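Written below as structure tokens is the structure these notes are about.
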Amino acid sequence: MKKVNVVFGTVYGSAQYTAETVNGAIAKLGFTTTLWQPTELLGFVPPQDELLLVVCSTTGQGDIPEDIAPWFNELKNNAPYLPSLKYSLIGLGDSSYETFCGAIKQFDELFIELGAKPLLDKLEIDACETMEPEIEAKTWIASWHNAVTSANVA
Numbered sequence: 001m002k003k004v005n006v007v008f009g010t011v012y013g014s015a016q017y018t019a020e021t022v023n024g025a026i027a028k029l030g031f032t033t034t035l036w037q038p039t040e041l042l043g044f045v046p047p048q049d050e051l052l053l054v055v056c057s058t059t060g061q062g063d064i065p066e067d068i069a070p071w072f073n074e075l076k077n078n079a080p081y082l083p084s085l086k087y088s089l090i091g092l093g094d095s096s097y098e099t100f101c102g103a104i105k106q107f108d109e110l111f112i113e114l115g116a117k118p119l120l121d122k123l124e125i126d127a128c129e130t131m132e133p134e135i136e137a138k139t140w141i142a143s144w145h146n147a148v149t150s151a152n153v154a
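The UniProt record's numbering puts the first residue of the sequence shown at 1, with every later residue one more than the last.
As structure tokens, then:
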């Protein structure tokens, strides 16, 4: 099975907890996983023969959290061409804001610009509807696993 790199960007910790939960669920499916701390990401270019999953909350007016912004900017500035990279996204946001899940949408746009391909539609978790985003994300892992196996990238 392919290795899965899980990265997260968080302000208050819920995206980190969600990433930890998802990482554990993916490992239970038999995948080798690495949960990257935001401080470890500088210089990290996702290997194209591995899978990438980004869990990110949104802050301010649709902004990327400060902890993961340096990595996002590094990828944007260096623009590595990643045509074989398969990625998945989980966004945490609040639909009462105009820029709901703005950070994860920026990640989606960036990876598309870099030539990467999404495994499935991003999951956008609304704080107005759920108090425990990790539960919704863990449920979503079944869809993620189906996408991985049907795309023959496991």
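Where a beta carbon is used, it is the ideal one built from N, C-alpha and C, also for glycine. This structure is a prediction, so every number in the text was calculated from the model and none was measured.
**Report entry** DSSP-derived helix/strand/coil call for Gly9
**Finding:** In the structure shown, Gly9 sits in a strand (DSSP, three-state: E or B).
**Report entry** Buried versus exposed, by CB contacts within 10 Å (16 or more), Cys128
**Finding:** exposed
Query - Given Pro83 as reference, the closest of Ala116, Ser57, Lys2 once Cα atoms are compared - result: Ala116
Report task. Within 10 angstroms of the Cβ of Thr18, are there 16 or more other Cβ atoms? Answer buried if so, exposed if not. Result -> A residue is called buried once 16 or more other Cβ atoms fall within 10 Å of its Cβ, and Thr18 is buried on that count.
Query raised in the report: Using DSSP with H/G/I as helix, E/B as strand and the rest coil, what is Tyr87?
Result: strand
Requested in this report: Look up Lys3 in the DSSP assignment and give the residues it is bridged to.
Outcome: Thr32
Query raised in the report: Contact check, Val45 vs Ile141 under 8 Å by CB: the rounded distance?
Result: Actually they are not in contact, since the Cβ atoms of Val45 and Ile141 sit about 25 Å apart, beyond 8 Å.
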